[in-house]
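Report on the structure given below.
Protein chains: 4
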Amino acid sequence: MAKVGFIGLGTMGGPMAQRLLDAGHEVTGYNRTRARAEWLAHLGVELADSPRAVAEASEVTLAMLRDTQALHDVAEGPDGVLAGLGPGKVFADMSTVSPEASRALSARVAETGARMLDAPVSGSQVTLLAGRLSIMVGGERDVFERVKPILEAIGPTVNYVGENGLAVTMKVATNLSLPVQVLAFCESILLAEKSGIARDTAIEVLLNSVVASPALQYRIPLIVDPPEEPLFDVHMMQKDLKLALEMGESLGVPLPTTALSNQWLTAARGFGVGDRDFAALYEVLAGLAG
Amino acid sequence: MAKVGFIGLGTMGGPMAQRLLDAGHEVTGYNRTRARAEWLAHLGVELADSPRAVAEASEVTLAMLRDTQALHDVAEGPDGVLAGLGPGKVFADMSTVSPEASRALSARVAETGARMLDAPVSGSQVTLLAGRLSIMVGGERDVFERVKPILEAIGPTVNYVGENGLAVTMKVATNLSLPVQVLAFCESILLAEKSGIARDTAIEVLLNSVVASPALQYRIPLIVDPPEEPLFDVHMMQKDLKLALEMGESLGVPLPTTALSNQWLTAARGFGVGDRDFAALYEVLAGLAG
Amino acid sequence: MAKVGFIGLGTMGGPMAQRLLDAGHEVTGYNRTRARAEWLAHLGVELADSPRAVAEASEVTLAMLRDTQALHDVAEGPDGVLAGLGPGKVFADMSTVSPEASRALSARVAETGARMLDAPVSGSQVTLLAGRLSIMVGGERDVFERVKPILEAIGPTVNYVGENGLAVTMKVATNLSLPVQVLAFCESILLAEKSGIARDTAIEVLLNSVVASPALQYRIPLIVDPPEEPLFDVHMMQKDLKLALEMGESLGVPLPTTALSNQWLTAARGFGVGDRDFAALYEVLAGLAG
Amino acid sequence: MAKVGFIGLGTMGGPMAQRLLDAGHEVTGYNRTRARAEWLAHLGVELADSPRAVAEASEVTLAMLRDTQALHDVAEGPDGVLAGLGPGKVFADMSTVSPEASRALSARVAETGARMLDAPVSGSQVTLLAGRLSIMVGGERDVFERVKPILEAIGPTVNYVGENGLAVTMKVATNLSLPVQVLAFCESILLAEKSGIARDTAIEVLLNSVVASPALQYRIPLIVDPPEEPLFDVHMMQKDLKLALEMGESLGVPLPTTALSNQWLTAARGFGVGDRDFAALYEVLAGLAG
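Written as structure tokens, this is what we have:
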């Protein structure tokens with residue numbers, strides 16, 4: 000078992016740290032709002048005062064942060080992760096950031112003598128709690144092999160994708176299916192409703208069908224039961240799609256379904272549901288159906 | 000246990016009849032090419048000489064046929080199913096036909112004193128053999144309740160959708176996600192490939208992700224390993240989409256992703272892969288990627 | 000100068016007959032509602048009692064009717080055009096009907112010993128009155144050459160396209176640009192408006208630009224000033240697009256912009272503006288803009 | 000008549016300067032490659048040694064440059080336009096640059112005591128030579144009124160759009176129709192061809208129809224006769240669309256046809272025709288047609 004650090008103990012990071020504890024690892028953690036991580040202290044996580052302290056205390060430091068800015072904030076400065084890294088250590092970032100930002104940080108990490116992996120996940124808290132998370136990893140292969148057992152305690156599925164930055168690239172490429180699949184389901188639900196089938200029945204049948212991906216299993220019910228806090232709002236979904244569309248533009252890959260659903264997400268903002276979970280695409284299409 | 004008839008003992012119908020046998024039902028079957036159903040005779044299915052004979056021998060007669068024309072062929076004429084039906088009997092058609100054709104036949108069945116259900120399935124032979132098929136059912140609710148245990152032996156998931164014809168409507172509405180999801184996956188795979196990730200790796204990661212529906216699980220591998228016989232070719236996929244698009248037109252429901260993928264399927268035909276499984280959408284998009 | 004017949008003396012047919020008179024032709028006309036054609040009688044058109052009488056009195060009979068059904072009504076029966084045609088005569092149909100219907104009628108005409116041309120136009124009454132109409136013609140080339148001067152009096156532009164039915168095919172292919180161009184202009188107008196440019200200014204600049212086709216010149220002002228009677232309503236526009244989409248499907252030609260705008264026209268119906276001129280696409284897009 | 004300066008005497012700027020001469024203005028000009036402007040010296044243009052010298056000699060200085068970078072190059076530095084401007088002078092930039100860049104430069108110009116207008120045009124050299132150019136103008140209204148007669152000598156159509164930057168905004172919004180209209184025409188041409196109509200005939204009929212905008216009049220013939228030098232290549236077209244798409248994203252305006260044609264332009268690059276005039280969209284669609 001290893002000394003593992005974990006920075007960012009929120010909705011995703013908290014339960015991840017718990018799974019590491021359950022697997023027998025010694026975990027040092029850090030959360031900007033310490034109070035929200037106290038429950039983990041009770042379970043045995045050592046809470047440190049700075050990202051630097053976490054990195055100093057750990058062989059492998061993981062991070063799960065909101066976005067590129069948050070990653071920058073914990074990495075830089077006298078109390079940042081970089082200040083606590085050194086030869087033999089590994090920093091594995093599980094956040095979804097841009098491939099460029101990830102590659103730039105991995106170069107900074109290498110300057111300290113440590114090594115970095117990008118290790119974003121596919122799935123939400125639902126997936127994580129169900130023990131069905133999938134982790135994609137970019138970086139040097141031997142570093143990957145060393146950290147793999149730790150990530151498997153979180154996952155369980157772990158796939159090596161290639162060099163630094165390619166895992167976040169793969170994550171961006173994967174996520175484009177999210178709004179596309181939701182939009183297609185909205186079309187199906189509305190066809191059913193307008194034919195006289197109750198919406199709940201239509202949704203139940205669709206979720207029992209072979210086109211119901213795990214992501215649809217947890218998102219489509221939000222159409223009927225919109226959550227107070229969006230799992231992933233329209234703006235965030237578009238931020239991800241923008242990364243994919245820019246990638247397509249620069250690599251010369253046409254992305255017809257991605258571009259289409261991006262425009263419908265823009266329509267969702269115009270329609271006034273931009274702050275809602277992007278399952279609100281249903282509202283837009285329903286607003287246009289006879 | 001019941002006396003169950005089964006007409007159409009091919010790729011889907013054969014294993015369905017076998018599951019009925021396994022559940023303890025007494026099964027009488029009919030297949031146009033009798034030789035292809037001999038294996039079922041060895042297992043205990045009574046092979047009859049005509050659809051009519053099947054209906055005469057059974058309380059509930061199921062059918063699983065290729066299309067509307069094939070359904071017409073077994074239903075009509077002196078040896079057809081209609082000639083063998085009568086009061087107290089049920090005919091449940093599991094084929095994917097147009098809602099109009101299904102409703103028209105259910106009226107003919109009612110004239111014999113029997114009742115009809117439309118009971119199409121979501122999934123392929125893979126889904127069926129894995130015991131994960133989902134069946135949607137249209138017709139009178141009490142008839143549905145009576146036949147439900149028999150369908151559960153095939154399914155196991157069985158959902159009541161509404162009156163006659165609504166289950167095939169729901170099936171048409173469900174199927175539109177098939178090409179949309181495949182097209183979006185092709186975009187993801189190409190983004191990954193052009194970024195330097197191996198195609199096999201990209202596919203493995205995608206199939207481990209939360210956007211991997213069961214339908215994608217069995218179809219996406221066909222991109223790398225095209226089957227000799229398509230599971231579902233481009234033409235057949237477009238026939239289904241056409242039903243959905245016509246429904247959208249007449250009900251006033253805009254179907255942006257459906258219309259988009261339909262055009263890419265047309266492009267697939269123009270590209271010379273119309274006779275291939277529609278996973279060949281990958282070829283078209285790859286042909287346009289830099 | 001020739002003896003020319005004209006059946007259907009409405010919005011388009013009336014001014015066409017007038018142009019024939021102005022060119023010195025001797026014109027016999029027929030309109031179902033005779034009262035609406037009286038103004039032409041005052042100008043010198045001989046009004047006949049039936050389509051048959053028109054055909055009997057004329058060397059070349061033209062028709063401009065609403066749709067396939069209206070064409071059928073004037074062609075068939077004891078008082079129909081077919082009954083009045085014979086060797087040496089020509090029937091030129093300027094209506095927009097399906098290529099199949101046009102080809103079928105040309106075969107019926109040939110049985111009488113006469114010859115038929117399909118001669119649909121590009122443009123509206125505005126175009127016609129401005130003397131800028133373009134006519135495309137299908138049929139035998141020598142028949143075309145004979146009738147060309149008569150059509151030029153209406154046009155003035157006349158293009159020979161090929162055998163019977165190909166001119167209406169060309170018309171269907173041409174018309175798909177109508178809603179596509181309008182939809183793109185709506186995007187431009189909304190971008191301008193949301194940037195702080197007055198809508199009227201945006202429209203004026205757009206109509207002065209190189210992307211302003213004649214069709215946009217007369218349709219875009221309808222966004223600001225919706226007409227009581229639509230020039231061409233959403234339903235009619237979709238009827239034309241449907242012909243184009245079916246043609247694309249059967250010929251294997253992908254029609255991305257056509258399919259897209261067809262879905263937005265469906266959305267317009269759902270949005271409650273289906274009975275308006277299809278310039279109402281603006282309302283739909285504006286309803287979705289922030 | 001006024002003392003007018005002109006910077007950038009290429010394909011567009013050269014003939015523009017000539018029109019100013021023809022209108023009786025006293026013109027001082029500058030071109031980076033002086034040799035390419037010698038023909039104008041013979042006609043009476045005074046060629047200066049730097050943008051600064053042009054601005055010093057003129058009441059109103061116009062510029063027509065390739066892009067934002069080229070504008071920056073002539074504006075900045077000891078020999079730049081800014082160094083030659085001062086109270087009472089006007090700088091009118093006719094280039095198509097980003098609204099942000101235009102607004103930023105207008106602030107710099109204001110610091111010198113001079114005033115700036117953004118004055119982009121709709122049309123190509125063909126339009127200019129035919130005397131049918133349309134100019135949209137942003138800036139202070141009284142400055143616009145002062146410069147209007149000079150711009151009308153180039154145009155002749157001149158429209159005031161609003162404050163600084165709004166004219167280039169309007170230009171970006173206008174240009175999105177270019178690839179949309181071309182793509183729709185490609186669909187029409189292919190439908191016609193596959194129906195048996197010769198491509199040349201189809202193009203002629205389309206260009207005679209009411210959907211033939213001036214921009215299509217000069218671009219569609221390039222399908223048959225690709226020019227050695229593209230009028231406007233795929234990359235440049237996408238640069239403009241990118242500005243429009245970003246504007247739509249930030250203003251919350253869905254741009255369905257723009258997003259669609261942008262993906263087809265990406266496909267054109269993947270298809271290997273990215274360096275060709277964007278009329279090459281035809282090649283892509285034809286490559287996918289049966």
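Chains as they are written, first to last, in numbering that gives the first Met the number 0: chain A, 0 to 289; chain B, 0 to 289; chain C, 0 to 289; chain D, 0 to 289.
All C-beta atoms in this analysis are idealised placements derived from N, C-alpha and C, irrespective of residue type, glycine included.
Inset, instruction - Per DSSP, which residues does Pro155 (chain D) bridge with? Please list them. - result: DSSP, once it has assigned bridges, lists D:Leu132 as partnering Pro155 (chain D).
Inset, instruction - Say whether the segment 11–18 of chain C touches the segment 6–18 of chain D, bearing in mind that this needs 3 or more beta-carbon pairs closer than 8 Å, one atom from each stretch. - result: With the cut-off at 8 Å, the segment 11–18 of chain C and the segment 6–18 of chain D do not touch.
Inset, instruction - Sort out for me which residues DSSP pairs Val26 (chain A) with in a bridge. - result: Answer is A:Val3.
Legend entry - Three or more C-beta pairs below 8 Å linking the segment 156–165 of chain D and the segment 123–140 of chain D: The segment 156–165 of chain D vs the segment 123–140 of chain D: in contact.
Inset, instruction - Step through the CB atoms of chain A and report whether any lies within less than 8 Å of the CB of Val179 (chain D). - result: For Val179 (chain D), not one C-beta of chain A is nearer than 8 Å to its own C-beta.
Legend entry - Where Pro50 (chain B) meets chain C, residues with beta-carbon distance less than 8 Å: Neighbours of Pro50 (chain B) on chain C: none; closest Cβ ~33 Å, over 8 Å.
Inset, instruction - Pick out whichever of B:Asp21, B:Gly269, B:Ala278 has its Cα sitting closest to the Cα of Pro225 (chain B). - result: Selected option, being the one with the closest Cα: B:Ala278.
Legend entry - Assigned secondary structure, Arg33 (chain C) (DSSP; H/G/I helix, E/B strand, else coil): Correct three-state label for Arg33 (chain C): helix.
Legend entry - Neighbourhood of Val146 (chain B) by C-beta distance below 7 Å, restricted to the same chain and skipping five residues each side: Counting only residues of its own chain and dropping the five nearest sequence neighbours on each side, Val146 (chain B) has a CB closer than 7 Å to the CB of Val59, Val89, Ala91, Leu116.
Inset, instruction - Could you check the C-alpha separation between Leu206 (chain B) and Leu215 (chain B) for me, to the nearest Å? - result: Straight-line Cα distance between these residues: approximately 8 Å.
Legend entry - Cβ contact (3+ pairs, closer than 8 Å) linking the segment 228–235 of chain B and the segment 247–263 of chain B: A contact between stretches requires three or more CB pairs, one per stretch, nearer than 8 Å, and the segment 228–235 of chain B fails this requirement with the segment 247–263 of chain B.
Inset, instruction - Verify whether the separation of the beta carbon atoms of Ser101 (chain D) and Asn163 (chain D) is less than 8 Å. - result: Taking 8 Å as the Cβ cut-off, Ser101 (chain D) and Asn163 (chain D) qualify as a contacting pair.
Legend entry - Span separating the alpha-carbon of Trp38 (chain C) from that of Ala52 (chain C): About 20 Å.
Inset, instruction - Name, please, each residue of chain C whose Cβ falls closer than 8 Å to the Cβ of Ala288 (chain D). - result: Neighbours of Ala288 (chain D) across chain C, judged by C-beta separation under 8 Å: Leu250, Gly251, Val252, Pro253.
Inset, instruction - Return the first residue and the last residue of the alpha helix (DSSP H) that Ala100 (chain C) is part of. - result: Counting along the chain, Ala100 (chain C) sits inside the alpha helix (DSSP H) bounded by residues 98–110.
Inset, instruction - Alpha carbon to alpha carbon, how far is Glu45 (chain B) from Thr27 (chain B)? Give it in angstroms, no decimals. - result: If I take the Cα positions, the gap works out to 5 Å.
Inset, instruction - Alpha carbon to alpha carbon, how far is Ser194 (chain D) from Pro98 (chain C)? Give it in angstroms, no decimals. - result: Cα-Cα distance, rounded: 11 Å.
Legend entry - the segment 72–89 of chain C touching the segment 168–175 of chain D, judged by at least three CB pairs closer than 8 Å: Using a C-beta cut-off of 8 Å, the segment 72–89 of chain C makes no contact with the segment 168–175 of chain D, since fewer than three inter-stretch Cβ pairs fall below that distance.
Legend entry - Chain-ordered chain B contacts of Glu203 (chain A) [CB-CB under 8 Å]: Under the 8 Å cutoff, chain B gives Asn158.
Inset, instruction - Mind checking the segment 183–194 of chain D against chain C and listing, in chain order, the residues whose C-beta falls within less than 7 Å of any C-beta there? - result: Result list: Ala183, Phe184, Glu186, Ser187, Leu189, Leu190, Ala191, Lys193, Ser194.
Inset, instruction - Tell me, please, which residues DSSP counts as bridged to Leu46 (chain C). - result: As DSSP reads the structure, Leu46 (chain C) sits in a beta bridge with C:Gly28.
Inset, instruction - Mark Leu20 (chain A) as exposed unless 16 or more other C-beta atoms lie within 10 angstroms of its C-beta, in which case mark it buried. - result: When all chains shown are included, Leu20 (chain A) counts as buried.
Legend entry - Span separating the alpha-carbon of Ser208 (chain C) from that of Ser94 (chain C): Each residue's Cα considered, the two are about 32 Å apart.
Inset, instruction - Go ahead and pull the three-state DSSP assignment for Leu287 (chain D). - result: The DSSP-derived three-state label of Leu287 (chain D) is coil.
Legend entry - Sub-8 Å separation of Ser212 (chain C) and Ser49 (chain D) beta-carbons: Not a contact, by the Cβ cut-off of 8 Å.
Inset, instruction - Could you tell me which chain B residues have their CB closer than 8 Å to the CB of Gly161 (chain A), listed as they occur along the chain? - result: Near Gly161 (chain A) (Cβ distances below 8 Å), the residues of chain B are Gly195, Ile196, Ala197, Thr200.
Inset, instruction - Please say whether Gly289 (chain C) and Leu287 (chain A) have beta carbons closer to each other than 8 Å? - result: Between Leu287 (chain A) and Gly289 (chain C), the C-beta gap is not smaller than 8 Å, which leaves the two residues out of contact.
Inset, instruction - Return yes when the Cβ of Arg114 (chain C) is within less than 8 Å of the Cβ of Val120 (chain C), no when it is not. - result: One thing to note: Val120 (chain C) has its Cβ no nearer than 8 Å to the Cβ of Arg114 (chain C).
Legend entry - Any chain B beta carbon closer than 8 Å to Gly269 (chain C): For Gly269 (chain C), the nearest CB of chain B lies under 8 Å from its own CB, placing it at the interface with that chain.
Inset, instruction - Go ahead and pull the three-state DSSP assignment for Met115 (chain B). - result: Collapsing the DSSP output to three states places Met115 (chain B) in a strand.
Legend entry - Ala214 (chain C) in three-state terms, based on DSSP: Residue state, collapsed to three classes: helix.
Inset, instruction - Please confirm if Ala258 (chain A) has its CB atom under 8 Å from at least one CB of chain D. - result: It does: the Cβ of Ala258 (chain A) has a partner Cβ on chain D nearer than 8 Å.
Inset, instruction - Taking Ala103 (chain B) as the reference, give the member of B:Lys2, B:Gly76, B:Leu70, B:Gln237 with the closest Cα. - result: Nearest of B:Lys2, B:Gly76, B:Leu70, B:Gln237 to Ala103 (chain B), Cα basis: B:Leu70.
Legend entry - Buried/exposed call for Gln68 (chain D), threshold 16 Cβ in 10 Å: Burial call: exposed.
Inset, instruction - Whole angstroms is fine: what's the gap from Glu139 (chain A)'s alpha carbon to Lys241 (chain A)'s? - result: The alpha-carbon atoms of Glu139 (chain A) and Lys241 (chain A) are separated by roughly 28 Å.
Inset, instruction - Please classify Arg35 (chain B): is it buried, with 16 or more other beta-carbons within 10 angstroms of its beta-carbon, or exposed? - result: Burial call: exposed.
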